[in-house]
Every structure is written in structure tokens, then in C-alpha cells.
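Going by this note's numbering, the letters in the sequence shown line up with residues 1239 to 1439, in that order.
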Amino acid sequence: MQNLNLYQHQRRRQTGPRPRHMLQALLVAFGLALLHGGWQLWQVRDLQAQLQKAEVLAQSEEQLLAGEQAVFREPQLDPQLPLQVASAQERNRQLQRLADYLRLLGQQHQQGFADPLVALSEQHPAQGLWLTRIAFTDGGRHLRLEGRSSDQQALPSYLQALGQASAFKGRQFAHFSAKRTAGEPFDFVLSSQAADQEKQP
């Protein structure tokens, strides 16, 4: 016959986590929290260091900009510049006129006075007008004609015929004078220069 001890407590099996395991888990979680906090602290310090560097660089740039602004002088237009430009333009125009004049002289020297003389001869009326003096000056640029006429219509007709001749294209007479004595042909003077210009040396 088996004896049973009814007063002996039977040990119950523990099914939940043991305290030792919970302590280990807490220690691991605390360690991870410390690591995460340290990593975040390192990031914050690194960002602060970068921010300080950026602030120092910005201050340096501001100081450099302030120094450049202090020595900078806004360019101003020279008040004499428009006068100098106008003077240079006038000199250029004078040089252009001189070049045109020299080119005309070169052409006239090459051609000589043959063409104008031929035109004066070809257009000369058969009667009522005759030339007493033909003068080319300034390399042929200016022409002076002196003559006499017994017919008042002969001179205008002669000038009109000369104007149609190629040798006299572009020529204009700036001075005309006539003197007449009663009962005699009148004397005339035609010049491409004005009277006051002819008197100048």
C-alpha cells in the first residue's frame, strides 16, 4: 500500500519570462539607447561644428565684401569724353575730305586738262562770244573763264552746253561778273570760286 503525503506542496512550473532574462533584456535595451543617444549627440556636435565653420566663413566673406565696397569707386563718365569724341569725329571728317580731294587731284593729274579744254572748244559758239583767258587752279579743281560777248544770249547757251559735257559734270560757277561799255561787247568773268576766295593767297 502506497503512502501519500497530502501536506507536501507540489512545485508549479513557471511559464513566463524569468527575472534574469528580463534583466538582460533591459540591459541590452539600455545599451542600445546609450549607443543611439551617443550617435545622435555626435551628429549634433558635428552639425554644430559645421555651423560654426559656416558662420566663420560667412563673417569672413562679409568682411571681405565690406572691404571691397569701401575701396570701390563707381566709374563716372569723363565730362571731357563727349568733347573728345566730337573732336575726333571732326578730324575724321577733315581727313576724309582731304582724302577725297587728293583722290580728285590724282584723277585730274592723270587725265590732265585735255578733256575740259576740248569741251570748251567743242561747245564754243561760232560767233558772238570768245574766251580771252582760261585758268585752272588748285590742280584743276577750280576754273576761271574770262571773255567777251556781243550777244547776251550767247553766254547762257554756252554755259548750258558746257553743263551737258561729261568733262564739266558736277562743276558749278560760284562767281559771275559782267562789265559793259556802251557800243562795245561786254566783258564777263566766270569762276568756280567766290570772289572773296579768289583774293585769298
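Virtual Cβ for every residue (Gly too), placed ideally from N, Cα, C.
Run through the DSSP bridge pairs and tell me what Thr1375 is partnered with.
His1380
On the three-state DSSP scale, how would you describe Gly1385?
strand
In whole angstroms, what separates the C-alpha of Phe1414 from that of Thr1375?
17 Å
Taking Cβ to Cβ, would you say Leu1400 is nearer than 9 Å to Ala1357?
yes
State the DSSP-derived secondary structure class of His1413, mapped to helix, strand or coil.
strand
Would you report the Cα separation of Ala1416 and Leu1369, rounded to the nearest angstrom?
14 Å
Based on the DSSP output, what are the partners of Leu1369 in its beta bridges?
Paired residue(s): Gly1385.
Quick one: is Leu1321 buried, meaning 16 or more other Cβ sit within 10 Å of its Cβ, or exposed?
Burial call: exposed.
Decide if the stretch 1332-1341 is in contact with the stretch 1309-1316; the criterion is three or more beta carbon pairs, one per stretch, under 8 Å apart.
no
First and last residue of the beta strand (DSSP E) that includes Leu1315?
Unbroken run through Leu1315: none, as it is neither H nor E.
In this structure, how does DSSP classify Phe1424 when only helix, strand and coil are distinguished?
strand
How is the alpha helix (DSSP H) around Gln1361 delimited, first residue to last?
It is not in any alpha helix (DSSP H) - Gln1361 carries neither H nor E in the DSSP assignment.
Specify, as a first and last residue, the run of the alpha helix (DSSP H) that Ser1395 falls within.
Ala1392 to Gln1402
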